[in-house]
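As given, the protein sequences belong to chains P and W, one line each in that order. Take the first sequence: its position 122, counted from the start at 1, is 122 in the UniProt record's numbering, and no numbers get skipped. Take the second sequence: its position 143, counted from the start at 1, is 143 in the UniProt record's numbering, and no numbers get skipped. Cβ atoms here follow ideal geometry from the backbone N, Cα and C, with glycine treated the same way. The structure under discussion appears below in the form of structure tokens.
Protein chains: 2
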Amino acid sequence: MSVNSLSPEEIAEQMTLDHMICFAAYSASQAMNRFYRPILDEMGLTYPQFIVMMVLWEEGQTTMKALSDRLILESNTLTPLVKKLEAAGLVTRARNRQDERLLDIAATEKGMALKRRGCMAPVELAAATGETLEGVIELQQRLANLRNKLNAKAG
Amino acid sequence: MSVNSLSPEEIAEQMTLDHMICFAAYSASQAMNRFYRPILDEMGLTYPQFIVMMVLWEEGQTTMKALSDRLILESNTLTPLVKKLEAAGLVTRARNRQDERLLDIAATEKGMALKRRGCMAPVELAAATGETLEGVIELQQRLANLRNKLNAKAG
DNA sequence: GGCAATTACATCGCATGCGATTAGATCGTA
DNA sequence: TACGATCTAATCGCATGCGATGTAATTGCC
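And the structure:
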């Protein structure tokens, strides 16, 4: 029987953990995080620190505000995280001269030096899944699309 | 040009945050968590507590070991979490009589009473994405498949 | 120009995740 | 049957996420 012929209540009645997209995303995200850990440990990065560096490897320089928008993380998460990157000598933090509310974040040479190794990690993950790169890309796009729709509702 | 014609190094060179399946899963998971929060707040649950309750709504009773396997979470995460559910009167914790190493977890009546509301949440999320239920189900299955392959590698 | 509203970042508190370690129960095997 | 290996929970420490709140800079509107 097609799920379309069921009411929301009937669907809810049959809902189990293994049918939930939220748990699939949650557990897949954690599985990928575990896959990365040995690689990121070598670089002295955690996963959230890694995605901050990804933005900086791409942009060279940014602001807390732009980081916050891009990573969909608030300052209460990013501030201590970026301070740790600064303490590790991977980024610099400085107030923007035009608008003192903004905090400029830039990768140091030491930070940029990690780019080559870091950018290989997602490629290795894709290979480890045994899927074609096209398949992974399609999955990535559909997930991003779903996320954007949810964030549009909330934001 | 097809990505198949590129070497891993060439792919890594072009890698950006928006092409990474890990960030798509990470940010989508967080977006779903945010979607659930108002609903779960009403029930006094956090998301990890919610998925523990999902297992109990399905099984009625389980053990820490089985919960750990099912949710792919270690005891260092589950122990304090389940203790909070116990303190809230939603579950009971007791040593297994046959094997004292195991801890039996069972939903109380109060815990089971939340099932109807809780099981609607994933249905509401699917509706909010604007996708067909079939589309969401397919996405869920592909994510779970990817996760399982990664976890199989890790052991 | 003056001042309330808005914006950007920071701080605090609580709840995960997880590596490392410990304690107690059970298993396997000589 | 003794006893080391294994298994299951629990504890500790550190790093996120995020709601609530605070503070300083900027904007907007009269």
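Secondary structure at I39 (chain P), three-state DSSP: helix, strand or coil?
helix
Through-space distance from R101 (chain P) to R34 (chain P), alpha-carbon basis:
36 angstroms
Report buried or exposed for Q30 (chain W), applying the criterion of at least 16 other Cβ atoms within 10 angstroms of its Cβ.
buried
Only counting runs of 4 or more residues, tell me where the alpha helix (DSSP H) segments fall wholly within the UniProt domain "HTH marR-type" (18 to 145) of chain P, in order along the chain.
21 to 43, 47 to 59, 64 to 71, 75 to 87, 109 to 112, 115 to 128
Under the three-state reduction of DSSP, which class applies to L150 (chain W): helix, strand or coil?
helix
Distance cutoff 8 angstroms, beta carbons only. Does G130 (chain P) sit that close to anything in chain W?
yes
Quick one: any contact between the stretch 36 to 45 of chain W and the stretch 3 to 23 of chain W, if contact means 3 or more CB pairs under 8 angstroms?
no
Answer with yes or no whether the minimum CB distance from Q140 (chain W) to chain P is below 8 angstroms.
yes
Taking the alpha-carbon positions, what's the L71 (chain W) to Q61 (chain W) distance?
15 angstroms
For G111 (chain P), which residues from the same chain have a beta carbon less than 7 angstroms from its beta carbon, with the 5 sequence-adjacent residues on both sides left out?
M53, L56, L90, V91
Please list, in chain order, all residues of the same chain as E86 (chain P) whose beta carbon is under 6 angstroms from its beta carbon, the five residues on each side excluded.
R93
Separation of S5 (chain P) from G37 (chain P), as counted between CA atoms:
Looking at the sequence shown, residue 37 (chain P) is not Gly but Arg. Answer to the nearest angstrom: the Cα atoms are 44 angstroms apart.
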